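Engineer: Take a look at this one; I'll ask things after.
Number of protein chains: 2
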Amino acid sequence: MSVIDELTSELARLPGIGRKTAQRLTYHLLRQPPAQCRKLAEALVALTERVRKCERCHNLTESPLCILCADPRRDAATLCVVEEASDIASIERAGEFRGLYHVLGGRLSPLDGVGPDDLTVTALLARLEPEGVQEVILATNPSLEGEATALYIQRQLSSRAVKVTRIARGLPVGGDLEYADGVTIAQALAARREM
Amino acid sequence: MSVIDELTSELARLPGIGRKTAQRLTYHLLRQPPAQCRKLAEALVALTERVRKCERCHNLTESPLCILCADPRRDAATLCVVEEASDIASIERAGEFRGLYHVLGGRLSPLDGVGPDDLTVTALLARLEPEGVQEVILATNPSLEGEATALYIQRQLSSRAVKVTRIARGLPVGGDLEYADGVTIAQALAARREM
């Protein structure tokens with residue numbers, strides 16, 4: 000197999016990148032200065048070698064504690080529970096949340112063989128008292144599995160002296176009623192608030 | 000900048016991959032076994048180190064002659080002229096053509112400052128006699144620049160004892176008249192053949 004075919008095959012293994020796109024990317028890289036290819040290669044190697052999980056919240060990090068857990072300005076009393084480390088980036092981009100996170104490492108999904116023991120729920124429970132957590136925000140995805148996961152964690156927390164909340168579901172800001180699905184509209188109506 | 004941000008930035012420099020897709024790819028790679036990242040990195044480094052241009056046809060290759068020029072079963076009497084090395088892969092995929100290629104390395108484009116001297120036209124002319132070329136197929140793209148390039152090469156070849164042909168334009172196979180643009184339909188009509 001030629002080097003070109005090899006890179007094309009490797010790129011085509013990435014999600015959302017088919018054979019044709021992979022080939023286009025390979026030929027694009029061939030037209031760039033070699034330094035760009037090398038930088039990409041170095042970033043890939045660094046990723047496998049340096050990234051690990053935060054000891055406290057399971058976010059991805061290069062140090063024992065992630066940048067958020069290590070920041071004394073973050074409010075340790077509020078804990079936002081997410082499915083994946085990538086969800087933290089999405090929430091941080093919104094710039095609203097000032098608390099800490101807890102990454103479950105997935106969602107309950109019996110069909111995929113993911114049960115409670117595959118998630119970091121025990122580690123979450125162990126954080127509550129020592130860190131003085133007062134509110135746990137369940138920010139799992141608004142999907143079937145995400146809802147089931149939120150419900151499961153809510154039950155685990157019911158005996159603890161901690162407030163448990165769930166992120167709101169409704170119409171996305173800038174969205175359009177015309178294009179919203181029925182379930183979302185129903186949720187948006189049920190969760191309506193007085194103005 | 001963290002390793003995750005670094006890889007995301009490098010991926011986002013690729014064409015058709017925005018910031019969000021780059022982030023999704025990075026987190027995908029983080030979930031894969033480290034070997035996959037390393038293989039991708041190795042393929043990238045190999046690409047910059049080992050790929051060069053074929054001495055004869057300017058196709059991309061890892062040896063002095065590309066796999067097609069080195070194949071004695073290919074018909075040297077027919078030469079297919081293409082803009083980019085990636086076009087060879089497209090034509091080879093069709094599996095119809097058994098001749099050799101010549102890569103121009105671009106198309107005439109005064110706006111981008113690409114003139115005849117930036118293409119491998121001189122090298123093409125030098126190949127005709129020694130290789131006994133009888134037909135030159137101009138397979139530049141059916142775009143404005145591609146047509147101009149084909150016309151320019153056709154003029155350069157007019158004094159040579161060689162047949163010059165142009166790939167046909169018309170409706171794509173499996174296409175639909177309803178969705179075809181007017182220029183394509185006009186070309187398809189003009190190039191109609193008796194059945």
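Listed in order, the protein sequences are those of chains X and B.
The opening residue of the first sequence carries number 0 in numbering that gives the first Met the number 0; numbering runs sequentially from there.
The opening residue of the second sequence carries number 0 in numbering that gives the first Met the number 0; numbering runs sequentially from there.
Cβ coordinates follow ideal geometry from the N, Cα and C atoms, glycine included.
Only a predicted model underlies this, so the values are computations on that prediction, with no experimental measurement involved.
Using the Cβ count rule (16 or more neighbours within 10 Å means buried), how would you classify V120 (chain X)?
Structural biologist: Answer is buried; the Cβ neighbour count reaches 16.
Engineer: Please report the straight-line C-alpha distance between C56 (chain B) and L10 (chain B), rounded to a whole angstrom.
Structural biologist: Rounded to whole angstroms, C56 (chain B) to L10 (chain B) spans 31 Å at the Cα level.
Engineer: Would P63 (chain X) pass as an interface residue toward chain B - the criterion being a Cβ-Cβ separation below 9 Å?
Structural biologist: Answer no: the Cβ-Cβ gap between P63 (chain X) and chain B never drops below 9 Å.
Engineer: Taking a Cβ distance cut-off of 8 Å, strictly less, list which residues of the region 26–38 of chain X are near chain B, in chain order.
Structural biologist: Those would be Y26, H27, L28, L29, P33, Q35, C36, R37, K38, in chain order.
Engineer: Establish whether the CB of T47 (chain X) and some CB of chain B are separated by less than 9 Å.
Structural biologist: Taking Cβ atoms only, chain B reaches closer than 9 Å to T47 (chain X), which makes this a yes.
Engineer: Would you check if the distance between the CB atom of R126 (chain X) and the CB atom of G98 (chain X) is smaller than 9 Å?
Structural biologist: No, they are not a contact pair.
Engineer: Would you mind telling me which residues of chain B sit closer than 7 Å to S1 (chain X), beta carbon to beta carbon, in chain order?
Structural biologist: Under the 7 Å cutoff, chain B gives E61.
Engineer: Please classify A75 (chain X): does DSSP put it in a helix, a strand, or coil?
Structural biologist: A75 (chain X): strand per DSSP, three-state reduction.
Engineer: Can you give the Cα-Cα distance for L64 (chain B) and N58 (chain B), rounded to whole angstroms?
Structural biologist: One C-alpha to the other measures close to 9 Å.
Engineer: With 16 other CB atoms within 10 Å as the buried threshold, where does D180 (chain X) fall?
Structural biologist: Exposed, since its Cβ has fewer than 16 Cβ neighbours within 10 Å.
Engineer: Can you find a CB in chain B that lies within less than 9 Å of the CB of E41 (chain X)?
Structural biologist: So, interface residue.
Engineer: For Y178 (chain X), is the classification buried or exposed, using 16 other Cβ atoms within 10 angstroms of its Cβ as the cut-off for buried?
Structural biologist: With fewer than 16 Cβ atoms within 10 Å of its Cβ, Y178 (chain X) is classed as exposed.
Engineer: Could you tell me which of B:P71, B:S142, B:G17 sits nearest to S108 (chain B), measuring between CA atoms?
Structural biologist: Comparing Cα-Cα distances from S108 (chain B) to each of B:P71, B:S142, B:G17, the minimum goes to B:S142.
Engineer: Could you tell me how far apart the beta carbons of R106 (chain B) and T47 (chain X) are, in whole angstroms, since I believe they sit closer than 8 Å?
Structural biologist: Their Cβ separation, rounded to whole angstroms, is 40 Å, which puts R106 (chain B) and T47 (chain X) out of contact at 8 Å.
Engineer: Which residue or residues does DSSP assign as beta-bridge partners of H101 (chain X)?
Structural biologist: DSSP output for H101 (chain X) lists X:V80 as bridge partner(s).
Engineer: Could you compute how far the alpha carbon of Q35 (chain X) sits from the alpha carbon of S89 (chain B)?
Structural biologist: Cα to Cα, Q35 (chain X) sits roughly 25 Å from S89 (chain B).
Engineer: Kindly indicate which three-state DSSP category S142 (chain X) falls into: helix, strand or coil?
Structural biologist: S142 (chain X) falls in the coil class under three-state DSSP.
Engineer: CB V80 (chain X) to CB Y100 (chain X), shorter than 9 Å?
Structural biologist: Result yes, Cβ atoms of V80 (chain X) and Y100 (chain X) sit closer than 9 Å.
Engineer: Would E128 (chain X) and L78 (chain X) be called neighbours here (beta carbons separated by less than 9 Å)?
Structural biologist: Cβ distance not < 9 Å, so E128 (chain X) and L78 (chain X) don't count as in contact.
Engineer: Could you tell me which of B:E41, B:L39, B:S62 sits nearest to V50 (chain B), measuring between CA atoms?
Structural biologist: Closest option to V50 (chain B), Cα to Cα, is B:S62.
Engineer: Determine whether the Cβ of T148 (chain X) lies closer than 9 Å to any Cβ atom of chain B.
Structural biologist: So, not an interface residue.
Engineer: On the criterion of 16 or more Cβ atoms from any shown chain inside 10 Å, does T148 (chain X) qualify as buried, or is it exposed?
Structural biologist: The residue in question, T148 (chain X), is buried, as its Cβ has 16 or more Cβ neighbours within 10 Å.
Engineer: Helix, strand or coil for T119 (chain B)? Go by DSSP, reduced to three states.
Structural biologist: If DSSP states are grouped into helix, strand and coil, T119 (chain B) belongs with coil.
Engineer: With DSSP collapsed to three states, give me the class of R159 (chain X).
Structural biologist: Coil.
Engineer: If the cut is a Cβ gap below 9 Å, which residues of chain B does E5 (chain X) touch?
Structural biologist: K38, E41, A42, A45, L46, listed in chain order.
Engineer: Taking DSSP's pairing of strands, which residues face V113 (chain B) in a bridge?
Structural biologist: Answer is B:S108, bridged to V113 (chain B).
Engineer: Quick check: the Cα distance between G104 (chain X) and S85 (chain X), rounded to an integer number of angstroms?
Structural biologist: Near 10 Å, if we compare the C-alpha coordinates of S85 (chain X) and G104 (chain X).
Engineer: For R165 (chain B) and R159 (chain B), what's the separation of their Cα atoms in angstroms?
Structural biologist: About 16 Å.
Engineer: For A167 (chain B), which residues in the same chain have their Cβ closer than 8 Å to its Cβ, ignoring the five residues on either side in sequence?
Structural biologist: Cβ within range, chain order: A190.
Engineer: Which partner residues does K52 (chain X) have in the DSSP bridge list?
Structural biologist: In the DSSP output, where bridge partners are listed per residue, K52 (chain X) has X:L59.
Engineer: Give the C-beta separation of A40 (chain X) and V44 (chain B) to the nearest angstrom, bearing in mind that I take them to be a contact with Cβ-Cβ under 8 Å.
Structural biologist: About 5 Å; that satisfies the 8 Å criterion.
Engineer: If the cut is a Cβ gap below 9 Å, which residues of chain X does P14 (chain B) touch?
Structural biologist: The contacting residues are R23, L24, H27.
Engineer: Under the three-state reduction of DSSP, which class applies to V172 (chain X): helix, strand or coil?
Structural biologist: Coil at V172 (chain X), not helix or strand.
Engineer: Let me know the secondary structure DSSP gives E128 (chain B) once reduced to three states.
Structural biologist: It is helical.
Engineer: Quick one, which residues of the region 82–101 of chain B are near chain X if we go by CB-CB under 8 Å, in chain order?
Structural biologist: Listed by position along the chain: E83, A84, S85, A88.
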